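K.L.:
2 protein chains.
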Amino acid sequence: MNAKKKAVVLVSGGLDSATALAIARDAGFECHALSVDYGQRHESELIAARRVTAALDVPLMILPLDLRTIGGSALTDDIDVPEEETDGIPVTYVPARNTIMLSLAVGYAEVLGADDIFIGVNAVDYSGYPDCRPEFIAAFQAMARLATRAGVEGAPTTIHTPLIDLSKAEIIRKGMALGVDYALTVSCYQADEEGRACGRCDSCRIRRAGFAAAGVEDPTEYAPEPVLP
Amino acid sequence: MNAKKKAVVLVSGGLDSATALAIARDAGFECHALSVDYGQRHESELIAARRVTAALDVPLMILPLDLRTIGGSALTDDIDVPEEETDGIPVTYVPARNTIMLSLAVGYAEVLGADDIFIGVNAVDYSGYPDCRPEFIAAFQAMARLATRAGVEGAPTTIHTPLIDLSKAEIIRKGMALGVDYALTVSCYQADEEGRACGRCDSCRIRRAGFAAAGVEDPTEYAPEPVLP
Chain W
1 MNAKKKAVVL VSGGLDSATA LAIARDAGFE CHALSVDYGQ RHESELIAAR RVTAALDVPL
61 MILPLDLRTI GGSALTDDID VPEEETDGIP VTYVPARNTI MLSLAVGYAE VLGADDIFIG
121 VNAVDYSGYP DCRPEFIAAF QAMARLATRA GVEGAPTTIH TPLIDLSKAE IIRKGMALGV
181 DYALTVSCYQ ADEEGRACGR CDSCRIRRAG FAAAGVEDPT EYAPEPVLP
Chain B
230 MNAKKKAVVL VSGGLDSATA LAIARDAGFE CHALSVDYGQ RHESELIAAR RVTAALDVPL
290 MILPLDLRTI GGSALTDDID VPEEETDGIP VTYVPARNTI MLSLAVGYAE VLGADDIFIG
350 VNAVDYSGYP DCRPEFIAAF QAMARLATRA GVEGAPTTIH TPLIDLSKAE IIRKGMALGV
410 DYALTVSCYQ ADEEGRACGR CDSCRIRRAG FAAAGVEDPT EYAPEPVLP
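Protein chains in written order, with the working numbering: chain W, 1 to 229; chain B, 230 to 458.
1) With 7 Å as the limit, tell me which residues of the segment 379-392 of chain B have their beta carbon closer than that to any beta carbon of chain W; keep them in chain order.
2) Since W/ALA209 and W/CYS198 should fall inside the 8 Å C-beta cutoff, what is the C-beta to C-beta distance between them, to a whole number of angstroms?
3) With three or more C-beta pairs closer than 8 Å as the rule, is the segment 373-389 of chain B touching the segment 132-151 of chain W?
4) Looking only at its own chain, which residues have a Cβ that is under 6 Å from the Cβ of B/MET330, when we skip the five neighbours before and after it?
5) Which one of W/LEU63, W/ARG205, W/ALA139 and W/TYR129 has the shortest CA to CA distance from W/ALA105?
6) Any C-beta of chain B sitting closer than 8 Å to the C-beta of W/ALA7?
7) At a CB-CB cut-off below 7 Å, which residues of chain W make contact with B/ASP360?
8) Output needed in chain order: residues of the segment 99-113 of chain W with a Cβ under 7 Å from some Cβ in chain B.
9) Which residues of chain B have a Cβ atom closer than 9 Å to the Cβ of W/GLU135, listed in chain order?
10) Hey, out of B/THR390, B/GLU423, B/PRO453 and B/ALA406, whose CA is closest to B/VAL353's CA?
11) Return the CA-CA distance between B/GLY336 and B/ILE346, expressed in angstroms with no decimal places.
12) Tell me whether W/SER187 sits in a helix, a strand or coil according to DSSP, three-state version.
13) Against chain B, with Cβ distances strictly below 8 Å, would W/MET176 count as a contact?
14) With B/ASP447 and B/GLY349 assumed to form a contact (beta carbons below 8 Å), what rounded beta-carbon distance in angstroms separates them?
15) Have a look at B/GLU259 and W/SER103 and give me their C-alpha separation to the nearest angstrom.
16) Any beta carbon of chain A sitting closer than 8 Å to that of W/ALA142?
17) Taking buried to mean at least 16 other C-beta atoms within 10 Å of its own C-beta, is B/PRO324 buried or exposed?
18) Hey, quick one: how far does the beta strand (DSSP E) through W/LYS6 stretch, first residue to last?
19) Suppose you measure from the CA of W/GLY13 to the CA of W/ALA142; what does that come to, to the nearest Å?
20) Is the distance from the Cβ of W/ILE171 to the Cβ of W/LEU163 below 8 Å?
21) For B/TYR358, name the three-state secondary structure that DSSP assigns.
22) For W/ALA169 and W/TYR189, I'd like the C-alpha separation in whole angstroms.
23) So B/ALA256 packs on B/VAL287, CB below 8 Å; how close in whole Å?
24) Taking C-beta pairs closer than 7 Å, name the residues in chain B that W/ALA24 reaches, listed in chain order.
25) W/THR53: which of W/PRO156, W/ALA22, W/ILE137 and W/ALA213 sits nearest, CA to CA?
26) Runs of 3 residues minimum, wholly inside the segment 93-172 of chain W: which ones carry the beta strand (DSSP E) assignment?
27) Go ahead and pull the three-state DSSP assignment for W/ALA18.
28) With DSSP collapsed to three states, give me the class of W/ALA197.
29) For B/ALA277, write down the residues that DSSP places opposite it in a beta bridge.
30) Quick check on DSSP: helix, strand or coil for B/TYR411?
31) Span of the alpha helix (DSSP H) holding B/ALA442?
32) For W/ALA96, which residues in chain B fall below 7 Å Cβ to Cβ?
33) Can B/LEU341 and B/LYS235 be called in contact, C-beta distance under 8 Å?
34) Could you give the residue range of the beta strand (DSSP E) that holds W/LEU30?
35) Going by the beta-carbon positions, is the gap between B/ARG279 and B/LEU294 smaller than 8 Å?
36) Determine the contact status of B/ALA442 and B/THR386, defining contact as a CB-CB distance below 8 Å.
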C-alpha cells in the first residue's frame with residue numbers, strides 16, 4: 001500500500017475550514033492543519049481550531065504572526081465590527097490575509113514534503129473579499145509553482161478550494177454528510193470568552209441563514225442579548 | 230507639489246536590501262521599510278536593518294514571525310551553514326521566504342496606501358533560490374494585483390526588483406554612487422554577536438568577491454579566524 005499523500009489544511013476554527021478539513025481527509029490525504037494566530041480579536045477561533053483538529057486526530061501547527069502591528073482591519077484593529085450588512089469590501093477584511101496564510105502554508109508544505117494545500121475560501125457568501133475569488137486562487141497557485149524547491153524539482157503545489165462555489169447551506173450539508181460536528185466551530189467575529197457567538201455580525205448572520213437554508217438545527221451557542229444601559 | 234508616492238521596501242540589513250532602499254529613495258518614493266524577524270540565526274541582521282534605515286531616516290517596521298516553528302532551513306533550523314560552495318538549491322534557502330516576505334509587504338502596503346514594493350532579490354549570484362527568479366516575481370505581482378482591495382479598486386501593486394539582473398559588483402557600484410555606507414550592513418549567514426562576518430559562508434564569499442570586482446575596499450568587519458582545538 002502506498003503512503004498517503006500529505007496535505008496542509010488551513011484551519012481557522014470556523015465552519016468553512018472545518019468542512020474543508022473533513023473533505024481533505026475524506027479524499028484520502030494525511031492532513032496537517034495550520035492555524036495562524038494573527039492577533040485576531042476572537043481568540044475563541046484558536047480554541048475552536050484545537051477542538052476541530054483534535055476531534056479528527058489531525059496534528060495542528062499554530063504559527064503566531066501578530067498582524068495587529070500592521071493594522072487595517074476590524075478583526076485585528078480598533079475598528080468596530082459592523083452589525084448590519086455593508087456594501088463593498090467589509091471592514092472585517094484583513095489586508096492580504098489569504099495571501100499571507102497561503103504563503104505560510106506553502107512554506108510549511110515545502111518542509112513537510114506536501115504538494116497539496118486546502119483552504120476553505122468561499123466566493124459566494126463572502127464575495128466582498130478580493131482574496132476569496134477563483135481568479136486570485138489560480139494566480140496564487142501559478143505563483144506558488146514558481147516559488148519553491150518542490151515546484152522547481154517537478155512537484156507542483158495544488159491549492160484546493162473545495163468550498164469555493166458552494167452556498168453556506170451546501171457547505172453545511174456536505175460537512176454533515178462527512179460527520180463534522182459544527183458545535184465545535186466558532187464563526188463569530190466577536191465571540192465572547194466562552195466562544196459564544198454574538199448572532200449579529202456578518203459572519204453570524206450568514207452562518208445562521210446557512211443552517212436554516214440547509215434545514216439543519218443550528219448548534220451555535222449564542223451569547224445572551226446584551227442589556228443596554 | 231504632489232505628495233510623494235509611498236513604497237514598502239523589504240530590508241534585511243544586508244548589502245542588497247540596503248542598496249534597494251537607496252534606489253527607492255533616489256527614485257523619489259516615501260519609503261517604509263519592513264523587516265521580518267523570522268527567527269533567523271543572525272540577529273545581527275536586524276541590528277543592521279535598524280542602522281541602515283536610521284542612517285536614511287526611513288521608518289522601520291519589524292514584524293515578528295518565528296519560522297523556526299516550521300523549520301527546514303540552515304538559517305532557521307539546526308542545520309549547519311555550509312562553508313564551501315554547494316550544488317543546486319542551498320540548504321540556507323528558507324522555505325517560501327520571499328513569498329512570505331512579499332505577502333507581508335502586500336498587507337503592509339495595503340494598510341499604508343502604497344502601490345509599490347521594493348525587494349532586493351538578485352537572480353545572478355543567488356541563482357540557486359527559486360524565489361529570486363524574474364518569472365517568480367512576475368507571477369507574484371500578477372497574484373498581488375488580484376489579492377487586495379487596492380488591486381480591485383484600480384491601484385495595482387508593482388513589485389520592483391532593481392537588483393535582479395545586476396552582478397554583486399554592479400550592485401556595490403550603484404550603492405556607492407547613492408552614498409550607501411556598506412559598513413552598516415551585515416550579509417553573513419552566521420555573523421557573531423558583534424555583527425562580525427565569518428568570511429567563509431556563501432554570502433560572505435559572494436560579498437567579498439563583489440567588493441574585489443567593484444574595485445572597492447571591503448568595509449566588512451570579519452571575525453578573527455577560530456582557533457581549532
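Even for Gly, the Cβ is constructed at its ideal location relative to N, Cα and C.
Values in this document were obtained by computation on a predicted structure and should not be read as measured data.
P.N.:
This is what the structure holds:
1) Flagged, chain order: GLY380 and VAL381.
2) Going by Cβ atoms, the distance from W/ALA209 to W/CYS198 rounds to 15 Å, so no, they are not a contact pair.
3) Result yes; three or more Cβ-Cβ pairs closer than 8 Å.
4) Residues of the same chain with a CB within less than 6 Å of the CB of B/MET330, apart from the 5 flanking positions on each side, are LEU239 and VAL265 in chain order.
5) Of the listed residues, the one whose Cα sits closest to W/ALA105 is W/LEU63.
6) No - not a single Cβ of chain B is within 8 Å of the one on W/ALA7.
7) Correct list: ALA147.
8) Cβ contacts with chain B: THR99, ILE100, SER103, LEU104, VAL106, GLY107, TYR108, GLU110 and VAL111.
9) Neighbours of W/GLU135 on chain B, chain order: LEU375.
10) Nearest of B/THR390, B/GLU423, B/PRO453 and B/ALA406 to B/VAL353, Cα basis: B/THR390.
11) B/GLY336 and B/ILE346: Cα-Cα distance of roughly 11 Å.
12) Coil.
13) No, because no Cβ of chain B sits closer than 8 Å to the Cβ of W/MET176.
14) Taking 8 Å as the upper bound for CB-CB distance, B/ASP447 and B/GLY349 are not in contact here, some 19 Å apart.
15) Cα to Cα, B/GLU259 sits roughly 27 Å from W/SER103.
16) Checking the listed chains, one finds no chain A in this structure; the protein chains it contains are W and B.
17) If you draw a 10 Å sphere on the C-beta of B/PRO324, you find 16 or more other C-beta atoms in it, and that means buried.
18) That run of the beta strand (DSSP E) goes 6-10.
19) When the Cα atoms are used, W/GLY13 and W/ALA142 turn out to be separated by approximately 28 Å.
20) Taking 8 Å as the cut-off, the Cβ atoms of W/ILE171 and W/LEU163 count as close.
21) For B/TYR358, the three-state secondary structure derived from DSSP is coil.
22) In this structure, the straight-line span from the alpha carbon of W/ALA169 to that of W/TYR189 is close to 20 Å.
23) Distance from B/ALA256 to B/VAL287 at the Cβ level is roughly 14 Å; contact not present, criterion being Cβ atoms closer than 8 Å.
24) For the C-beta of W/ALA24, not a single chain B residue is nearer than 7 Å; the gap to the nearest is close to 19 Å.
25) The residue with the shortest Cα to Cα distance from W/THR53 is W/ALA22.
26) If we require 3 residues or more, the beta strand (DSSP E) runs fully inside the segment 93-172 of chain W come out as 116-118 and 158-160.
27) Three-state DSSP puts W/ALA18 in a helix.
28) In the structure shown, W/ALA197 falls within a strand segment according to DSSP collapsed to helix, strand and coil.
29) DSSP lists no partner for B/ALA277.
30) Correct three-state label for B/TYR411: helix.
31) Start and end: 431-443.
32) For W/ALA96, the chain B residues whose C-beta falls within less than 7 Å of its own C-beta are SER332, VAL335, GLY336, GLU339, ALA376 and THR377, listed in chain order.
33) Yes, they are a contact pair.
34) Going by the sequence as given, residue 30 of chain W is Glu instead of Leu. 30-37 is the span of the beta strand (DSSP E), which, as asked, contains W/GLU30.
35) Taking a C-beta distance under 8 Å as the contact criterion, B/ARG279 and B/LEU294 do not qualify as a contact pair.
36) No, Cβ-Cβ distance for B/ALA442 and B/THR386 is not below 8 Å.
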